[in-house]
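Listed in order, the protein sequences are those of chains A and B. Heads up, the final residue of the first sequence is numbered 253 in my numbering, and it's a clean run with no missing numbers. Heads up, the final residue of the second sequence is numbered 361 in my numbering, and it's a clean run with no missing numbers. Even glycine gets a Cβ: it sits at the ideal position worked out from N, Cα and C. The structure displayed is predicted, hence computed values, not measured ones. Structure first, then comments.
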Amino acid sequence: MISRRALFGVGVGGLGLSACDRIAASPRLESIVGRGQGLTLHAQRLLLSAQPLAREFRAADISPVFKPNGSMRPDTDAYQALLADNFASWRLAVDGLVRAPTSFSLADLKALPARTQITRHDCVEGWSAIGGWTGVPLSVVLGRVGLMPEARFVVFHCADNLGRGPGGLYYESIDLFDAFHPQTILAYGMNGGALPVAHGAPLRLRVERQLGYKQAKYVMRLEVTDRLDGIGGGKGGFWEDRGYEWYAGI
Amino acid sequence: MTVLAASGSPAAPPPRISIYRHGLVVRLTHWINVLAISLLLMSGLNIFNAHPRLYWGAAGADFDPAWLEMKASGDRGLLRIGALSLDTTGVLGLSQASDGSWNQQGFPDAVTFPGHRDLATARRWHFFLAWVFVINGAIYYLSGLITGHLRRDIAPARRELAPGALWTSVVDHLKLRHPVGEAARRYNVLQKLAYLAVIVILLPLMVLTGLTMSPGVDAAVPWLVSLFGGRQSARAIHFITANLIVLFVIVHLVEVVLAGVWNEIRSMITGRYVVPAEKHR
Chain A
4 MISRRALFGV GVGGLGLSAC DRIAASPRLE SIVGRGQGLT LHAQRLLLSA
54 QPLAREFRAA DISPVFKPNG SMRPDTDAYQ ALLADNFASW RLAVDGLVRA
104 PTSFSLADLK ALPARTQITR HDCVEGWSAI GGWTGVPLSV VLGRVGLMPE
154 ARFVVFHCAD NLGRGPGGLY YESIDLFDAF HPQTILAYGM NGGALPVAHG
204 APLRLRVERQ LGYKQAKYVM RLEVTDRLDG IGGGKGGFWE DRGYEWYAGI
Chain B
81 MTVLAASGSP AAPPPRISIY RHGLVVRLTH WINVLAISLL LMSGLNIFNA
131 HPRLYWGAAG ADFDPAWLEM KASGDRGLLR IGALSLDTTG VLGLSQASDG
181 SWNQQGFPDA VTFPGHRDLA TARRWHFFLA WVFVINGAIY YLSGLITGHL
231 RRDIAPARRE LAPGALWTSV VDHLKLRHPV GEAARRYNVL QKLAYLAVIV
281 ILLPLMVLTG LTMSPGVDAA VPWLVSLFGG RQSARAIHFI TANLIVLFVI
331 VHLVEVVLAG VWNEIRSMIT GRYVVPAEKH R
């Protein structure tokens with residue numbers, strides 16, 4: 004039961020500037036508030052248990068300019084070298100809890116079954132853009148390498164150093180629920196052409212039904228794992244390590 | 081009613097009639113709502129500041145035309161709605177932080193939660209409070225249906241909706257004349273309609289438009305976001321509805337002050353309400 008005093012204390016305090024920040028930074032409140040995330044994840048997983056598709060749009064709905072966000076052009080020497088030869092020497096490594104660790108060239112991926120989808124991209128900031136994506140379903144790639152029984156997550160290691168400095172490489176992760184969704188693809192094409200550098204060339208993740216920061220660009224390596232706490236900052240992604248929720252379906 | 085004062089002798093003080101006005105569930109859910117909505121609003125403004133532009137339709141970003149935007153232009157803060165541009169320096173578009181520095185952002189730090197740009201924290205609180213708000217609201221609805229509170233106290237009777245009765249209530253409000261005696265035991269018709277609009281339209285609309293900003297919910301319930309005309313329309317309606325709720329709260333607080341601040345607040349805390357006596361003329 005909330006005491007009347009506590010009720011008014013917080014309510015009135017909420018109007019004061021410093022009080023606001025004190026409330027937001029309180030570790031005890033933070034742990035209570037953080038539980039909302041688990042509730043949201045479980046509620047959405049229940050709603051999505053039949054694995055419905057995200058809405059697909061018509062070509063006429065495609066945004067005239069799809070706003071690129073995050074890294075626009077990775078400036079590492081390694082990426083610049085790959086870009087210089089048009090990704091001919093680029094390879095996607097797939098390893099971790101897989102039966103047959105494999106690396107794929109862009110041509111290898113393009114030879115696999117492809118899926119094209121025109122979907123709405125929702126940035127955590129609030130804006131949306133509609134774009135068409137062509138790529139290989141992640142389920143196909145995972146099927147090729149074979150998962151070990153302990154596999155739970157797929158981690159996407161990227162080429163862009165968004166954090167500028169050690170530990171600043173972008174990465175993301177999803178669990179197998181989303182990894183095997185038909186619209187979860189590794190895209191190498193956008194709006195009928197090749198995937199532009201600003202949008203993650205040569206390969207980016209599309210995990211529809213989640214926000215923009217999950218759509219890792221410049222993907223270099225897939226790591227299949229059973230836990231996220233040993234990777235990067237331990238929270239499952241670049242932005243997750245900086246306070247954002249791992250589950251970005253909301 | 082006998083008018084004692086007319087005789088010239090001092091009128092005996094009218095008997096103090098006190099009634100039990102608000103049930104426990106109504107009072108409890110009211111104050112939880114005060115807390116939840118305040119922080120939902122303030123964290124919502126922080127989230128809005130991450131992209132202070134609104135669009136109609138499914139999509140919209142920097143390169144698409146926005147019907148509302150807040151921005152800084154040189155040393156001025158601007159609010160633009162359609163073709164109308166307002167100088168809102170110091171409040172919207174450009175405002176001062178607590179340390180005196182100038183920030184180019186939609187709403188000022190003074191009204192956001194947390195009190196500085198922090199999208200991750202604002203989102204975490206917003207979604208947690210949304211759960212609190214929805215569960216609290218469900219308890220209120222359920223209890224209101226079971227106890228008959230919604231039907232008895234909130235839903236206007238047919239005779240109250242007659243044009244004459246409505247007009248009388250409008251005039252009473254304009255003259256700041258508050259019901260006394262028997263009439264003060266019930267909500268007046270405009271009050272009922274205002275509460276009804278908030279309970280049945282604004283608050284549910286807030287939840288539904290909020291839900292459709294979730295790509296997960298949109299995949300699960302695609303018709304809902306279509307009903308609002310697309311995700312960016314839903315975001316715009318979410319914003320407009322929040323403004324209407326703020327408008328309601330302002331009117332609500334003004335009425336509390338006009339009707340007798342202590343009596344009104346006490347009735348929402350202890351349930352006990354002193355019926356204002358009929359005035360002697």
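Query                                                                                                                        : Result
Proximity to A/E153 [Cα-Cα], best of A/R147, A/E175, A/V101                                                                  : A/V101
Residue ranges of each beta strand (DSSP E) within the stretch 199 to 253 of chain B, 3 or longer                            : none
Whole beta strand (DSSP E) elements within the stretch 173 to 226 of chain A, 3-residue minimum                              : 174 to 178, 187 to 193, 207 to 210
A/L225 beta carbon less than 8 Å from that of A/G95                                                                          : First, the residue type needs correcting, since residue 95 of chain A is Leu and not Gly in the sequence shown. Yes, the Cβ-Cβ distance between A/L95 and A/L225 is below 8 Å.
Chain A contacts made by the stretch 94 to 106 of chain B, where a contact means CB separation under 9 Å                     : none
Range of the contiguous alpha helix (DSSP H) that encloses B/Y353                                                            : That residue, B/Y353, is in no alpha helix (DSSP H); its beta strand (DSSP E) goes 352 to 355.
Exposure of B/G290, with buried meaning 16 or more beta-carbon neighbours within 10 Å                                        : buried
Between the CA atoms of A/D163 and A/G17 - distance to the nearest angstrom                                                  : Residue placement at A/G17 is flagged as unreliable, the pLDDT there being 43, under the threshold of 50; the coordinate-derived value follows with that caveat. Going from the Cα of A/G17 to the Cα of A/D163 covers about 39 Å.
Contact set for B/A245: own chain, Cβ-Cβ below 7 Å, skip 5 residues either direction                                         : R239, V269
Contact with chain B by A/S66, beta-carbon distance below 8 Å                                                                : yes
With 16 other Cβ atoms within 10 Å as the buried cut-off, status of A/R7                                                     : Low confidence applies here, because A/R7 scores a pLDDT of 41, under 50, leaving its location unreliable; read the following figure in that light. Flag for A/R7 reads exposed.
Cα-Cα separation, A/V227 to A/L179                                                                                           : 10 Å
Classification of B/T292 by the beta-carbon crowding that lies within 10 angstroms, buried from 16 upward                    : buried
Between the CA atoms of B/H318 and B/L115 - distance to the nearest angstrom                                                 : 19 Å
Backbone secondary structure at A/N147 - three-state DSSP                                                                    : It should be pointed out that residue 147 of chain A corresponds to Arg in this sequence rather than to Asn. It is helical.
Cβ-Cβ separation, B/I127 to A/G129 (assumed contact under 8 Å), whole Å                                                      : 7 Å
Buried or exposed by the 16-neighbour rule on C-beta atoms within 10 Å, applied to B/I281                                    : exposed
Beta-carbon gap between B/G224 and B/L283 smaller than 8 Å                                                                   : no
Test: A/G240 CB closer than 8 Å to a CB of chain B                                                                           : no
Chain-order list of residues whose beta-carbon lies under 7 Å from that of B/H110 (same chain, five-residue window excluded) : M348
Neighbourhood of B/V331 by C-beta distance below 8 Å, restricted to the same chain and skipping five residues each side      : A274
B/R156 versus B/V329, B/P188, B/T168, B/Y100, residue with shortest Cα-Cα distance                                           : B/T168
Three-state class that DSSP yields for B/Y267 in the structure shown                                                         : coil
Chain-ordered neighbours of B/S294 on chain A, where CB pairs are closer than 7 Å                                            : G252, I253
Stretch pair the stretch 116 to 133 of chain A + the stretch 55 to 69 of chain A: three plus CB contacts closer than 8 Å     : yes
Given 8 Å, three or more beta-carbon pairs between the stretch 38 to 58 of chain A and the stretch 182 to 197 of chain A     : yes
Distance between beta carbons of A/G246 and A/G170, contact taken as under 8 Å                                               : Contact flag wrong, Cβ pair sits at about 15 Å.
Interface flag, A/D24 vs chain B, CB-CB below 8 Å                                                                            : yes
Straight-line Cα distance separating B/I112 from B/Y100                                                                      : 20 Å
A/F40 versus A/R212: straight-line alpha-carbon distance, rounded                                                            : Per the sequence shown, residue 40 of chain A should be read as Gln rather than Phe. About 16 Å.
Cβ of A/S131 within 8 Å of any chain B Cβ                                                                                    : yes
Assigned exposure category for A/G89 - 16 Cβ within 10 Å defines buried                                                      : The sequence given here has Asn at residue 89 of chain A, not Gly. Classification of A/N89: exposed, given that the 10 Å Cβ count is below 16.
Buried/exposed call for B/V83, threshold 16 Cβ in 10 Å                                                                       : In this predicted model, B/V83 has a pLDDT of only 41, less than 50, meaning its place in the structure is not dependable; the value taken from the coordinates is given anyway. Result: exposed.
Alpha-carbon spacing of A/Y173 relative to A/F241, whole angstroms                                                           : 5 Å
A/M4 (DSSP reduced to helix, strand or coil)                                                                                 : Here A/M4 scores only 40 on pLDDT, less than 50, and its place in the model should not be relied on; the value that follows carries that caveat. DSSP places A/M4 in coil when its eight states are reduced to three.
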